[in-house]
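So the structure is just underneath, and the comments pick up after that.
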Amino acid sequence: MSRGQAARFAERTAFERHYVKHLSENANPVAILAFNATPPVKRKFPAGARGAYRADGHYIVAPARFEAMPDGAIWVGVFAHEMGHAIDLHGRPADQGGRSIWLAPAIRRDRDRIGERWVAARSRVAGEGREMPEFPPAAHACLLALIADRREARRVARQWRAGRMEEALAALIRARRGAPAGRSPACDPRLQIYGFAVVGAFIGAVYDLARGSGPPRAYYRRFRHLGTPTLTIAHAAEAFANAYVADVLEGTELLSFLVRTAAPHTHAAYRVLLARIAARHDGAT
Ligand SMILES: [Zn+2]
Numbered sequence: 004m005s006r007g008q009a010a011r012f013a014e015r016t017a018f019e020r021h022y023v024k025h026l027s028e029n030a031n032p033v034a035i036l037a038f039n040a041t042p043p044v045k046r047k048f049p050a051g052a053r054g055a056y057r058a059d060g061h062y063i064v065a066p067a068r069f070e071a072m073p074d075g076a077i078w079v080g081v082f083a084h085e086m087g088h089a090i091d092l093h094g095r096p097a098d099q100g101g102r103s104i105w106l107a108p109a110i111r112r113d114r115d116r117i118g119e120r121w122v123a124a125r126s127r128v129a130g131e132g133r134e135m136p137e138f139p140p141a142a143h144a145c146l147l148a149l150i151a152d153r154r155e156a157r158r159v160a161r162q163w164r165a166g167r168m169e170e171a172l173a174a175l176i177r178a179r180r181g182a183p184a185g186r187s188p189a190c191d192p193r194l195q196i197y198g199f200a201v202v203g204a205f206i207g208a209v210y211d212l213a214r215g216s217g218p219p220r221a222y223y224r225r226f227r228h229l230g231t232p233t234l235t236i237a238h239a240a241e242a243f244a245n246a247y248v249a250d251v252l253e254g255t256e257l258l259s260f261l262v263r264t265a266a267p268h269t270h271a272a273y274r275v276l277l278a279r280i281a282a283r284h285d286g287a288t
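Plus 3 on top of the position in the sequence shown (first one is 1) and you've got our numbering.
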């Protein structure tokens, strides 16, 4: 898609408008089109509620204005995550899973590669080839913008490429903790930390917590299995929603690179599914 025809988020309701204007200007155009192909979400927010998406009513639980909340701009990330669920689940019975159940074979392929990847990470240390690709320039620029200390930024990039993903994410989160407020909600350090936590949760969902972080296994076990108890509709749905966040938050150049390299098969399948949803070829009405 050329710059002249850049996709824009549809702003169909005051709620959507208030949140999407704080998403990245460089959001993945296909992610934008998938948002636009999804009916506008309603909103509910009982006092003290946490973010959620409910497929039965097609609504997101979030405040009308995140600025008034103690967590502030974190809610922009929560909105993006719950929108990911809305795009995946709308019009489907929630207990059957979302369109994302289609990711299951790709998730299995990524899991099969874990052992291989650990070996590759070790041989990388020994200088015998590399498993993880180099950071592309846009992702690298993003990394340097977030970690002022160049040596520390290089160390984080090295950790990631060696397969030490959790260490790299922890270092990124440390670097933003206590950072001065950004120029805008999109650059709020708390939202940036949320973004890295989302990458960790994506990895946790793909690898059933053998790698990464996020909800505990007991959470995932409550949902319908996709062939095996270690792979449920919730693993697929969380992988989808978190990959979606990486596609639309400020810093997407870095976040999407991390998600893609952490689980290349799952990420490739997610992007194919996203394009089908964007083109309304997913069987949705
Ligand atoms: Zn979720």
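All residues carry an ideal CB built from backbone N, CA and C; glycine is no exception.
In this text the structure is predicted, and so the values were computed from the model without any measurement.
Distance between beta carbons of A37 and A90, contact taken as under 8 Å: Here residue 90 turns out to be Ile, not Ala, going by the sequence shown. So it is a contact: roughly 5 Å between Cβ atoms.
Cα-Cα separation between A129 and P136, rounded to whole angstroms: Since pLDDT at A129 reaches only 46, below the 50 mark, its modelled position is unreliable, and the value read off the structure follows with that caveat. In a straight line, the C-alpha of A129 is about 17 Å away from that of P136.
Rounded distance between the beta-carbons of A242 and Y273, thought under 8 Å: Going by Cβ atoms, the distance from Y273 to A242 rounds to 7 Å, so yes, they are a contact pair.
Heavy atoms of ligand 1 versus C-beta positions, residues under 6 Å: H84, H88, E241 and A244
N- and C-terminal bounds of the alpha helix (DSSP H) containing G254: Looking at the DSSP string, G254 is not in any alpha helix (DSSP H), and its letter there is neither H nor E.
Meets three-Cβ-pair contact criterion under 8 Å: the region 93-106 and the region 65-75: no
contact_flag[the region 53-72, the region 227-241] where n(CB pairs < 8 Å) is 3 or more: As far as the Cβ criterion goes, the region 53-72 does not touch the region 227-241, which means the pair count is below three.
One or two residues paired with R283 in a DSSP bridge: Its beta-bridge partners do not exist; DSSP assigns none.
Given P183 as reference, the closest of L175, I176 and P192 once Cα atoms are compared: Closest by alpha carbon: P192.
Length-filtered (3 minimum) beta strand (DSSP E) runs lying within the region 202-281: Listed in chain order, the complete beta strand (DSSP E) runs (minimum 3 residues) inside the region 202-281 are 228-231.
Burial state of Q162 (16 or more Cβ within 10 Å): buried
Length of the line joining the Cα atoms of A174 and V159: 7 Å
C-alpha distance - R139 paired with R220, whole-angstrom precision: Just to set this straight, residue 139 is Pro in the shown sequence, not Arg. Distance between the alpha carbons of P139 and R220: 33 Å.
Reference L277; option with closest CA among R154, S103 and A148: S103
Contact check, V81 vs G54, beta carbons under 8 Å: Yes, the Cβ-Cβ distance between V81 and G54 is below 8 Å.
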